[in-house]
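Remarks on the structure that follows.
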Amino acid sequence: MSSEHIKSRKGKYVATIGLVWLLLLCCLSTRTVFCAEPSELPADIQAKLFLTALSYINNLTSDTVITIGFVYFPQVSGSKQQAMGFMSACAAYQDKTVAGRAINTVVIEYKNPEDVRETIRAHNITVLAIASGTKEACSELTRITRELKILTSTAHKQQVAWCGISLGIDMEDNKPRVYLNLEAIRAEGKEVNSKLMRVATVVSEGR
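In structure tokens form, the structure reads like this:
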């Protein structure tokens, strides 16, 4: 066997290995797990900002009640605690109203996208608050919310961009921030009041 033929076979082998690694990286990237650690922002402040921001989302619902579904991913460590903590903080404001509407809360364990779809319909959920999970699962949820015209929110800025979630409440430079993904908001059939736009940070999808 000539040296040129051996070099050719080695080159093809190296190229194949490189392609395998690339495919593995692509597979891993679709299952990126976003941090499930508690936000640095205290839950009560986070809840207050979240509910205040909702009052500046136009055409949020025509119902007299705003029902918030808090979805968590049991396979992700800390996700349930995150969702339950945020739900408890929001529930403390149930004697208040958002844009004149009462607040109701529902906790949802993520099993599969269709199960969440049925829960949204059964409870007439207005907003889906998504705890930390895989990028793949979060993206499945936003596919459903865009179809059903349900607003999404999260406590992590990264999920606003990478998963196409509409609203985020997080910390940056030791200050609470409101993040908006305008592309996602439009896809979910909502509009943002100009007052919220003036104080929020706009995040581009995929960045």
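Heads up, the final residue of the sequence shown is numbered 742 in this note's numbering, and it's a clean run with no missing numbers.
Yeah, the Cβ is synthetic: ideal placement off N, Cα and C, and Gly gets one too.
Three-state class that DSSP yields for residue i in the structure shown
{"i": "aspartate 705", "result": "strand"}
{"i": "threonine 599", "result": "coil"}
{"i": "threonine 633", "result": "Reading the sequence as shown, one finds valine at residue 633 and not threonine. The answer is strand: DSSP assigns valine 633 an E or B state."}
{"i": "leucine 686", "result": "strand"}
{"i": "glutamate 671", "result": "helix"}
{"i": "glutamate 653", "result": "helix"}
{"i": "valine 695", "result": "helix"}
{"i": "valine 734", "result": "helix"}
{"i": "leucine 586", "result": "helix"}
{"i": "serine 614", "result": "helix"}
{"i": "methionine 648", "result": "Sequence check: residue 648 is proline here, not methionine. It is helical."}
Residues near residue i in its chain [Cβ-Cβ closer than 8 Å; skip 5 each side]
{"i": "serine 614", "result": "Ala571, Tyr607, Phe608, Ala666, Ser667, Gly668"}
{"i": "valine 713", "result": "Leu584, Ala588, Leu702, Gly703, Ile704, Leu731, Val734, Ala735, Thr736"}
{"i": "alanine 637", "result": "Thr599, Val600, Ile601, Gln629"}
{"i": "isoleucine 700", "result": "Ile665, Cys673, Thr677, Thr687, Ser688, Thr689, Gln694, Asn716, Ala719"}
{"i": "glutamate 675", "result": "Pro648"}
Bridge-paired residues (DSSP) for residue i
{"i": "glycine 604", "result": "Val641, Leu663"}
{"i": "lysine 710", "result": "Glu707"}
{"i": "glutamate 726", "result": "Asn593"}
{"i": "leucine 576", "result": "Answer is none; leucine 576 lacks a bridge partner."}
{"i": "leucine 715", "result": "Leu702, Val737"}
Residue i to residue j span [Cα, whole Å]
{"i": "threonine 654", "j": "lysine 684", "result": "15 Å"}
{"i": "valine 641", "j": "threonine 689", "result": "15 Å"}
{"i": "lysine 516", "j": "threonine 661", "result": "Absent from the model: residue 516. The displayed extent of the chain is 536 to 742, so no value can be given."}
{"i": "arginine 681", "j": "glutamate 707", "result": "28 Å"}
{"i": "lysine 646", "j": "isoleucine 580", "result": "30 Å"}
{"i": "cysteine 698", "j": "glycine 635", "result": "30 Å"}
{"i": "valine 695", "j": "asparagine 716", "result": "6 Å"}
{"i": "glutamine 617", "j": "serine 729", "result": "30 Å"}
{"i": "isoleucine 643", "j": "glycine 604", "result": "7 Å"}
{"i": "valine 633", "j": "alanine 624", "result": "15 Å"}
{"i": "asparagine 593", "j": "alanine 722", "result": "14 Å"}
{"i": "glutamate 649", "j": "proline 577", "result": "32 Å"}
{"i": "glutamine 610", "j": "leucine 663", "result": "19 Å"}
{"i": "methionine 622", "j": "histidine 658", "result": "16 Å"}
{"i": "glutamate 671", "j": "histidine 691", "result": "16 Å"}
{"i": "serine 597", "j": "serine 590", "result": "13 Å"}
{"i": "valine 651", "j": "alanine 627", "result": "25 Å"}
{"i": "leucine 595", "j": "serine 612", "result": "31 Å"}
Contacting residues, own chain, Cβ-Cβ under 6 Å from residue i (five flanking each side not counted)
{"i": "glycine 724", "result": "Lys684"}
Residues near residue i by beta carbon distance below 7 Å, same chain, minus five either side
{"i": "glutamate 740", "result": "Ala696, Gly699, Asn716, Glu718, Ala719"}
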